[in-house]
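Written out below as structure tokens is the structure these notes cover.
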Amino acid sequence: MDSLRKLFVISRPVSWPNTAYPFAAAYLMTGGTLGVTFWVATIFFLIPYNLLMYGVNDVFDYESDMRNPRKGGIEGAREQKAFHPTILWASIVSTLPFVVWLLLTGSAVANAVLAVLMFFVVAYSIAGLRFKEVPIVDSVTSSIHFVGPMVYAMVLTGFASEYVPYIVAFFLWGVASHALGAVQDIIPDRKGGLASVATVFGARVTTRVVFVLYCASGVIMMMQGVLPALVGIAALMNVINVVPYLGVSDKTSGRVNKAWRRFICLNLMTGFVITMVLLTTTLV
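Numbering-wise (our numbering), the sequence shown opens with residue 24 and increments by one.
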């Protein structure tokens, strides 16, 4: 039971909605039904996907995480090396059945999207690739982790060009969110010799880019019609969240952790708005 508890924490339950919800909402809003594929994929993106993503991250980030005071709770586990093989095996064993089933039942295009998505999930942290240590690529890869399930859903139901603005908006949101998280880690990352978009460009520049990207994401959504505009307005709460930190320096970058913790709560509020829009669309 202790191992299960540890794996539960490693999978970052607070982030489960960030991957499962984009798939589920996009699948239903683009014509999908509550069939087997919906449930298998939703469960996959809810738990196994996150266990793989964060499990690999925790194993290969162990040394740097031990020096980061932010780690050790909902923002990252710090399990001892003796438990690392269990983490990796659990990640593989829990992921494989879902991926195999989805590949056997999906189209060639859907399978390609899923394969690319799984590559980026592993490439972000695993030794030899470590996309998380390549500035800009780190934020892009992180965004793919969250926008990918949505794109996969759209491909399963039949991709259409009108979906592109939503993908772009969500992608920009993802890039901004990762960059915001990187700002708070500038000092421990530099001490550990790790590179990130924030360590390269600095706290002030990165935070201002985050502000612009959040604005762009919200504006794109507000241009898509009345109901999407509600989502765009809700997403602009992230803009307000960043404003107090536009002048942050590298020395005070740790203060951005407050914005990051609010961001986690804001995600839930935005998800509620999306749910209301989804229900309204379905009922109307």
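We treat Cβ as the ideally placed atom computed from N, Cα and C, and that holds for glycine.
query                                                                                                                                                                    : result
I'd like to know if the stretch 236 to 247 and the stretch 164 to 181 are in contact, where contact means that at least 3 CB-CB pairs between them fall below 8 Å.       : no
Would you call Gly58 buried or exposed, if buried means 16 or more other Cβ atoms sit within 10 Å of its Cβ?                                                             : exposed
Give me the residue from Asp84, Ser219 and Lys274 with the minimum Cα distance to Ala205.                                                                                : Ser219
Please list the terminal residues of the continuous alpha helix (DSSP H) segment that includes Ile115.                                                                   : His107 to Thr128
Please look up how many angstroms separate the CB atoms of Phe154 and Gly197, rounded, as I've assumed it's under 8 Å.                                                   : Contact flag wrong, Cβ pair sits at about 14 Å.
Could you spell out where the alpha helix (DSSP H) holding Thr164 opens and where it closes?                                                                             : Val160 to Thr180
Can you list, in chain order, the residues of its chain whose CB lies under 7 Å from that of Leu289, leaving out five sequence neighbours each side?                     : Met260, Asn261 and Asn264
Count the other CB atoms within 10 Å of the CB of Ala150; is the residue buried (16 or more) or exposed (fewer)?                                                         : exposed
Pick from Met141, Tyr186, Met76 and Ala199: whose alpha carbon is nearest that of Trp283?                                                                                : Ala199
Between which two residues does the alpha helix (DSSP H) containing Arg28 stretch?                                                                                       : Asp25 to Ile33
Would you identify the three-state DSSP class for Thr60, choosing helix, strand or coil?                                                                                 : helix
Can you list, in chain order, the residues of its chain with a C-beta nearer than 7 Å to that of Asn73? Leave out the 5 residues immediately preceding and following it. : Ser34, Arg35, Ser38, Trp39 and Thr42
Please list the terminal residues of the continuous alpha helix (DSSP H) segment that includes Ser148.                                                                   : Ser148 -> no alpha helix (DSSP H), and no H or E assigned at all.
Which word fits Leu306, buried or exposed, when buried means at least 16 other C-beta atoms lie within 10 angstroms of its C-beta?                                       : Residue placement at Leu306 cannot be trusted, given a pLDDT of 49 that sits under 50; the coordinates are not used to answer.
In whole angstroms, what separates the C-alpha of Met292 from that of Thr298?                                                                                            : 10 Å
Checking 8 Å against the spacing of the C-beta atoms, do Leu51 and Thr118 come in under that value?                                                                      : no
Nearest-angstrom Cα distance between Gly129 and Phe68?                                                                                                                   : 16 Å
Examine the Cβ distances between the stretch 271 to 280 and the stretch 201 to 216 and report whether three or more of them are shorter than 8 Å.                        : yes
Please report how far the alpha carbon of Val160 lies from the alpha carbon of Phe106, in whole angstroms.                                                               : 29 Å
Closest by CA to Ile256, which one among Val296, Val187 and Gly78?                                                                                                       : Val296
With a threshold of 16 other CB atoms inside 10 Å of the CB of Ser184, please say whether the residue is buried or exposed.                                              : exposed
Run the CB neighbour count on Thr56, radius 10 Å, all protein chains shown included, and call it buried at 16 or more, exposed below.                                    : exposed
Is the separation between the beta-carbon of Ser166 and that of Phe142 shorter than 8 Å?                                                                                 : no
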